[in-house]
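*Asks:*
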Amino acid sequence: MAWATGLLNPHQCGSLAGLSASDPVTTLTHKVKTLQMAGRKVSTLFLDIKGGCENVNPFTLCGMIRNMRVSPYLVSWTKSFLSGRTCRLLYQGFPKVFAPVSVGTPKGSPVSPLLFVIYDSRLHCEIPGDLALSYVHNFGLTVSSASYRPNIQILQKQYARLKARGATLGVGFSVPKTELIHWRTNRDRDPISNAPVHLDGSVFKPTSAKIIPCVLCAPCV
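Add 130 to the 1-based position in the sequence shown for my numbering, that's all there is to it.
Okay, here's the thing in structure tokens:
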């Protein structure tokens, strides 16, 4: 249902039937090698959505699926599923009083992960010639150019777009889990780039240079 109605982006993986962690890895590997074969330098910025399912706004989610080709019954079911919920905390063995919960999806429900990936599908934005890929609450922005420093500028621009979209959904990103990688090949003779990316006042240096084994061309020498 979600694929047919366009509720999900083609580059979303995880919490979906027929997809697993190996799918985004294979997609990313193929994209990086394809760009490298074209003589381009490739960089990837990995981001983690803060909170995940806890940030789903039921009103926004129902509005999203209502605007797509989804039956009114499913819209009403989703609204009912996310409405009228309460929770209470257990502190030092003593439960507190129940309090209403107006945001988020129920923990432990098999429906919650699917609702979350539908909700965060709005974060996806096209990067012409490059790749924006997600696995549940993890995002990877892969860009390419003639050198690594222009990649940094592209990543910072794309992150700003992603952050703006997240703000409309009440979604932010976990700074400590951000990671930058500049991909290389065994044939790359250029100096290793240490160009960092600047996001929200924080500086993220690239991890050790990553080399993906060649699977699309002759063995590197």
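Beta carbons are placed, not taken as given, at the ideal position from N, Cα and C, and that holds for glycine.
1. Please report the distance separating the alpha-carbon of I248 from that of H267.
2. Does the Cβ of H312 have 16 or more other Cβ atoms within 10 Å, making it buried, or fewer, making it exposed?
3. Going by DSSP, what residues sit across from L175 in a beta bridge?
4. Excluding the five sequence neighbours on either side, which residues of its own chain have a C-beta within less than 8 Å of the C-beta of L219, listed in chain order?
5. Can you tell me whether H254 is helix, strand or coil according to DSSP?
6. Going straight from the alpha carbon of N324 to that of Q286, what length do you get?
7. Does the Cβ of F228 have 16 or more other Cβ atoms within 10 Å, making it buried, or fewer, making it exposed?
8. Relative to the C-alpha of L310, which candidate in I284, G296, G302 has its C-alpha closest?
9. Within the 9 Å Cβ cut-off, does T235 reach chain B?
10. Counting C-beta neighbours from all protein chains within 10 Å, is the total for F189 16 or more, i.e. buried, or is it exposed?
11. Counting only runs that start and end within the segment 190-265, where is the beta strand (DSSP E) found for 3 or more residues in a row?
12. Which one of I179, T159, V172, L137 has the shortest CA to CA distance from V301?
13. Considering only the beta carbon of each residue, do S173 and S274 sit closer than 9 Å?
14. Quick check: L138 and C183, are their CB atoms within less than 9 Å of each other?
15. Can you round the beta-carbon distance between I282 and V327 to whole angstroms, since I take them to be within the 8 Å contact cut?
16. Between K171 and the rest of its own chain, which residues show a CB-CB distance below 6 Å, the 5 nearest in sequence each way excluded?
17. Return the chain-ordered list of same chain residues with a C-beta closer than 6 Å to the C-beta of G331, the five sequence neighbours on each side being excluded.
18. Identify the residues that DSSP records as bridge partners of Q142: which are they?
19. In three-state DSSP terms, what is S332?
*Replies:* Judging by the given coordinates:
1. About 11 Å.
2. The residue is buried, with at least 16 neighbouring Cβ atoms inside 10 Å.
3. BP columns for L175 point to L271, L310.
4. Result list for L219: P225, K226, in chain order.
5. Look at H254 here: in three-state DSSP terms it is coil, with no helix or strand label.
6. N324 and Q286: Cα-Cα distance of roughly 16 Å.
7. The residue in question, F228, is exposed, as its Cβ has fewer than 16 Cβ neighbours within 10 Å.
8. Per the C-alpha coordinates, the member of I284, G296, G302 positioned closest to L310 is I284.
9. Among the protein chains of the structure shown there is no chain B, as only one such chain exists.
10. Burial is judged here by how many other beta carbons sit within 10 angstroms of a residue's own beta carbon; F189 has fewer than 16 and is exposed.
11. The DSSP assignment places complete beta strand (DSSP E) segments of no fewer than 3 residues inside the segment 190-265 at 215-217, 229-231, 261-265, in order along the chain.
12. Among I179, T159, V172, L137, the Cα nearest to that of V301 belongs to I179.
13. A distance below 9 Å separates the beta carbons of S173 and S274.
14. No, Cβ-Cβ distance for L138 and C183 is not below 9 Å.
15. That belief holds up - the Cβ atoms of I282 and V327 are roughly 5 Å apart, short of 8 Å.
16. Excluding residues within five positions, the ones whose Cβ falls inside 6 Å are S277, Y278.
17. Its chain contains no residue whose beta carbon lies nearer than 6 Å to that of G331 once the 5 sequence neighbours on both sides are disregarded.
18. According to DSSP, Q142 shares a beta bridge with S264.
19. Judged by DSSP in its simplified three-state form, S332 adopts strand.
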